[in-house]
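Student:
Protein chains in written order, with the numbering used here: chain A, 9 to 390; chain B, 6 to 205.
1) Mind checking if residue 183/A is an interface residue toward chain B, Cβ cutoff 8 angstroms exclusive?
2) If we ignore side chains and look at the alpha-carbon of each, how far apart do residue 156/A and residue 115/A end up?
3) Name, please, each residue of chain B whose Cβ falls closer than 7 angstroms to the Cβ of residue 136/A.
4) Can you list, in chain order, the stretches of the beta strand (DSSP E) that have 3 or more residues and sit fully within the segment 278-351 of chain A?
5) Could you check which residue in 362/A, 348/A, 291/A, 367/A has the C-alpha nearest to that of residue 201/A?
6) Taking 8 angstroms as the limit between beta carbons, can you name the residues of its chain near residue 178/B, skipping five residues before and five after?
7) Drop a sphere of 10 angstroms on the beta-carbon of residue 34/A, count the other beta-carbons inside from all chains shown, and report buried for 16 or more, exposed for fewer.
8) For chain A, find out if any of its Cβ atoms is closer than 8 angstroms to the Cβ of residue 57/B; answer yes or no.
9) Can you round the beta-carbon distance between residue 183/A and residue 196/A to whole angstroms, since I take them to be within the 8 angstroms contact cut?
10) So, for residue 201/B: in the same chain, excluding its five sequence neighbours on each side, which residues have a beta-carbon less than 8 angstroms away from its beta-carbon?
11) May I ask which residues mark the beginning and end of the alpha helix (DSSP H) holding residue 160/B?
12) Compute the Euclidean distance between the alpha carbons of residue 372/A and residue 322/A, then round it to the nearest angstrom.
13) Here's the rule I'm using: 16 or more other beta-carbon atoms within 10 Å means buried, otherwise exposed. How should residue 353/A be labelled?
14) Compute the beta-carbon to beta-carbon distance between residue 218/A and residue 241/A, rounded to the nearest angstrom, for a pair I have assumed lies under 8 angstroms.
15) Please tell me whether residue 195/B and residue 186/B are closer than 8 angstroms, where the distance is taken between their beta carbons.
16) Would you mind telling me which residues of chain B sit closer than 7 angstroms to residue 31/A, beta carbon to beta carbon, in chain order?
17) Please identify the residue among 70/B, 54/B, 55/B whose C-alpha is closest to the C-alpha of residue 23/A.
18) Compare the Cα-Cα distances from residue 60/B to each of 188/B, 76/B, 88/B and report the closest residue.
19) So, is residue 158/A buried or exposed, given that buried needs 16 or more other C-beta atoms within 10 angstroms?
20) Of all the residues that make up the segment 104-115 of chain A, which are near chain B by a beta-carbon distance shorter than 9 angstroms?
21) Name, in chain order, the residues that DSSP records as bridge partners for residue 130/A.
22) If you measure from the beta carbon of residue 192/B to each beta carbon in chain A, is any gap under 8 angstroms?
23) Which term fits residue 229/A, buried or exposed, when burial requires 16 or more other beta carbons within 10 angstroms of its beta carbon?
24) Under 7 angstroms Cβ-Cβ, which residues of chain B neighbour residue 22/A?
25) Between the alpha carbons of residue 19/A and residue 142/A, how many angstroms are there, rounded?
26) What separation, rounded to the nearest whole angstrom, lies between the Cα atoms of residue 135/A and residue 181/B?
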């Protein structure tokens with residue numbers, strides 16, 4: 009047995025001994041109240057009687073809302089409804105009709121309507137033991153999805169799936185991006201709308217990692233090495249991949265070997281010419297954040313928690329100054345996860361007051377969509 | 006005529022003592038003296054009393070703090086309670102609970118990653134300097150290094166070196182191949198050797 013195995017056994021034993029029988033509840037307190045059909049009191053009875061009525065009301069309201077949305081080409085902010093293809097074809101800036109959401113477990117990618125937020129389809133891994141670790145939308149209509157599929161604990165392969173006009177996903181086909189001997193942290197994957205560049209943070213199983221911006225068509229690849237244990241996240245690209253934004257965890261940092269940083273940062277880096285080292289370059293805001301670059305790379309949208317509110321700020325990348333507060337909303341269930349449409353006109357937010365919501369970045373108007381908010385998606389792609 | 010032994014494990018009401026003993030799996034001998042008829046909640050409470058501490062410890066080495074570990078284990082038991090009628094003859098409750106605990110710990114890590122903009126409510130991990138729970142500095146540094154491994158590697162290492170599970174059983178628990186377990190463990194050990202070599 010090796011020394012490291014001895015260390016591990018001892019360390020686990022030491023950790024386990026920090027919990028004793030006296031530390032944990034002697035009984036399971038929750039079983040009785042959750043038992044099926046148990047303690048069916050008057051309140052439970054009333055709820056069970058009202059539930060079908062409430063469900064019927066919700067269905068009717070949802071049907072009316074969807075009907076109205078489908079017949080309105082302009083929903084407060086110019087996004088075409090599902091049947092307004094004529095409007096979409098004449099409006100070059102119309103956002104894609106679908107967006108994708110990566111489930112918290114990585115076991116599926118949901119395809120949803122960008123007009124209603126409704127779930128249209130799911131993509132699932134083809135084999136047991138596989139799970140998705142990233143999704144990005146490409147193409148002017150956003151219907152070509154690039155997905156990262158992890159399997160075996162230490163391999164990641166990239167595929168693409170083309171959505172039908174109705175949002176039905178096609179078969180997964182190779183995306184022509186080399187296989188990675190490592191894993192991708194959640195939300196550390198993105199692509200430019202034209203598909204000319206993809207960016208991701210990978211974590212190799214030998215303890216090293218890197219931030220990569222790959223231009224598959226030209227073969228140009230830019231990468232920065234990260235320290236062992238670094239976790240990079242919330243990666244976004246400008247329209248043609250000339251700049252990339254990235255956030256780093258507070259206990260890791262973005263840097264060269266030799267030291268561990270404690271300061272969380274969100275930075276914007278140039279890919280051409282490549283910033284020489286990741287550490288200390290292009291820091292726009294000193295916090296770990298959900299962030300997205302505008303297509304021109306001049307503005308960094310950063311979602312920040314402000315008390316009981318989530319707030320979307322716009323930073324000038326060149327001056328690193330706050331330009332304006334775009335909007336704020338109650339953060340009761342939200343996790344600040346958002347994405348931008350390819351033109352950078354709208355943001356799509358996973359959950360605002362319990363609803364998928366669209367934000368007009370120009371005027372700051374929030375529009376809740378009929379669908380309920382998505383609980384803890386790892387990544388949105390629009 | 007239906008096999009009574011099959012029906013014994015399908016929860017439609019009270020579970021007999023024999024059924025309880027089967028479901029208890031590893032602790033069949035310990036529970037062999039049960040003489041009363043147990044319903045689902047009694048059965049699971051008995052499993053909790055027998056294996057609760059061990060499962061909390063397993064969750065602790067995966068998530069790092071005791072309150073979260075307790076929540077994870079309690080949720081796993083509730084999941085078992087709800088799915089008791091689906092537990093087949095070939096499975097035992099302890100194996101089910103271990104898989105459930107590992108999966109729920111994975112969800113905790115994913116939620117923590119996604120929740121970076123919310124105030125962190127979880128306790129400091131036992132291997133953090135802040136917690137100062139682990140007296141042995143070497144053990145603390147070892148577990149810190151483990152915490153920096155990818156999720157799958159952390160799980161494999163914990164099951165192998167905390168529970169002493171054979172690779173085949175780890176593979177079954179994590180839903181991956183035996184070869185994957187071997188390669189993941191091998192790479193994780195190499196990574197840990199490198200990381201700890203600089204610190205110890």
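Virtual Cβ for every residue (Gly too), placed ideally from N, Cα, C.
Tutor: For this structure:
1) Start at 1 with the first residue of the first chain, and residue 183/A comes out as number 175. Not one chain B Cβ lies under 8 angstroms of residue 183/A.
2) Counted from its first residue, the first chain places residue 156/A at position 148. Counted from its first residue, the first chain places residue 115/A at position 107. Whole-angstrom Cα-Cα distance: 12 angstroms.
3) Translated into positions along the first chain, residue 136/A becomes position 128. The answer, in chain order, is 180.
4) 291-293, 298-301, 307-314, 317-324, 329-338, 346-348
5) Along the first chain, one-based indexing puts residue 201/A at 193. Ranking 362/A, 348/A, 291/A, 367/A by Cα distance to residue 201/A puts 348/A first.
6) As a first step, residue 178/B is located in the second chain; it is residue number 173 there, counting from the start. If we look at residue 178/B and ignore the five residues flanking it on each side, its Cβ neighbours are 100, 103, 104, 107, 164, 170.
7) For the purposes of this step, residue 34/A is taken as the residue at position 26 of the first chain. Exposed, because fewer than 16 other Cβ atoms sit within 10 Å of the Cβ of residue 34/A.
8) By one-based count along the second chain, residue 57/B stands at place 52. Judged by the 8 angstroms Cβ criterion, residue 57/B is in contact with chain A.
9) Numbered from 1 along the first chain, position 175 holds the residue referred to as residue 183/A. Numbered from 1 along the first chain, position 188 holds the residue referred to as residue 196/A. In fact, because the Cβ distance is near 16 angstroms, the residues do not count as touching under 8 angstroms.
10) Here the question's residue 201/B lines up with position 196 in the second chain. The residues are 146, 147, 150.
11) Against the second chain, residue 160/B aligns to sequence position 155. That run of the alpha helix (DSSP H) goes 156-166.
12) Position 364 of the first chain, counted from the start, is the residue given in the question as residue 372/A. Position 314 of the first chain, counted from the start, is the residue given in the question as residue 322/A. Going by the C-alpha atoms only, they are around 11 angstroms apart.
13) One-based indexing of the first chain puts residue 353/A at position 345. So residue 353/A ends up on the buried side.
14) For the purposes of this step, residue 218/A is taken as residue 210 along the first chain, with counting starting at 1. For the purposes of this step, residue 241/A is taken as residue 233 along the first chain, with counting starting at 1. Residue 218/A to residue 241/A, Cβ: 14 angstroms. No contact.
15) As a working mapping, residue 195/B is identified with position 190 in the second chain. As a working mapping, residue 186/B is identified with position 181 in the second chain. Cβ atoms of residue 195/B and residue 186/B: not closer than 8 angstroms.
16) What you label residue 31/A is simply residue 23 of the first chain in a count that begins at 1. Going along chain B in sequence order, the residues near residue 31/A (Cβ under 7 angstroms) are 71.
17) For the purposes of this step, residue 23/A is taken as residue 15 along the first chain, with counting starting at 1. Checking every option, the nearest Cα to that of residue 23/A belongs to 70/B.
18) Along the second chain, read from residue 1 onward, the residue named residue 60/B stands at position 55. When only C-alpha atoms are compared, the closest one is 76/B.
19) In the first chain, counting from the first residue as 1, residue 158/A sits at position 150. It counts as buried.
20) 112, 113, 114
21) The count along the first chain starts at 1 and reaches residue 130/A at position 122. Bridge partners of residue 130/A: 118/A.
22) As a first step, residue 192/B must be located in the second chain, where it is residue number 187. Closer than 8 angstroms: yes.
23) On the first chain, residue 229/A is found 221 positions in, with the first residue counted as 1. Exposed is the call here.
24) Within the first chain, numbered from 1, the residue matching residue 22/A stands at position 14. Chain B residues near residue 22/A: 139, 141, 144.
25) Within the first chain, residue 19/A is the residue found at index 11, counting from 1. Within the first chain, residue 142/A is the residue found at index 134, counting from 1. Using only the alpha carbons, I get a separation of about 34 angstroms.
26) Numbered from its first residue, the first chain carries residue 135/A at position 127. Numbered from its first residue, the second chain carries residue 181/B at position 176. The straight-line gap from Cα to Cα measures roughly 10 angstroms.
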